[in-house]
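A short worksheet on the structure shown next.
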Amino acid sequence: MTEEEIDRLLDKLDLGQKVRLLTGATTWRTRAEPATALGHMTASDGPAGVRGEAWDERKTSVLLPSASALGAMWDESLVEAFGGLLAAEVRRKGVDIVLAPTLNLHR
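Here's what the structure looks like:
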């Protein structure tokens, strides 16, 4: 999406609608905005993987190394493999936003 397209969508919203986009509908979901056809987004945190929205032991999560552990090593191929596994977990759980620290914060 171009900057111009984003500006056109934002021009359709009044201040109240813009503020709603900055607040959560629930603990883990943003609000949808029908005027722009923007659906809700689901967030999740770890800290060692993707928990997802459910607090149910039947909805399992892959346990991944913490960002601190990744930041303590320098093996780029392992970090790349971690990224691929994390992305697969995010898709499997239907998550749009991962609330996670970056590696550089730990170095």
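In numbering that gives the first Met the number 0, the protein residues as written are 0 to 106. For glycine and all other residues, C-beta sits at the position ideal for the given N, C-alpha and C. In this text the structure is predicted, and so the values were computed from the model without any measurement.
Identity of the residue in Gly-83, Gly-48, Arg-91 nearest Pro-64 by Cα: On the sequence shown, residue 64 is found 65 positions in, with the first residue counted as 1. Nearest C-alpha to Pro-64: Gly-48.
Three-way DSSP call (helix, strand, coil) for Arg-28 in this model: One-based indexing of the sequence shown puts residue 28 at position 29. Reduced to three states, the DSSP call for Arg-28 is strand.
Inter-residue CB distance, Asp-74 and Met-40 (contact presumed, cutoff 8 Å): Locating residue 74 in the sequence shown gives position 75, where the first residue counts as 1. Locating residue 40 in the sequence shown gives position 41, where the first residue counts as 1. At roughly 32 Å, the Cβ-Cβ gap does not stay under 8 Å, so Asp-74 and Met-40 are not in contact.
Given Leu-9 as reference, the closest of Thr-25, Arg-28, Ala-24, Pro-33 once Cα atoms are compared: In the sequence shown, counting from the first residue as 1, residue 9 sits at position 10. Per the Cα distances, Pro-33.
Closest residue to Ala-42 among Ala-24, Asp-55, Arg-57 (Cα-Cα distance): The residue labelled residue 42 in the question sits at position 43 within the sequence shown. Nearest option by C-alpha distance: Ala-24.
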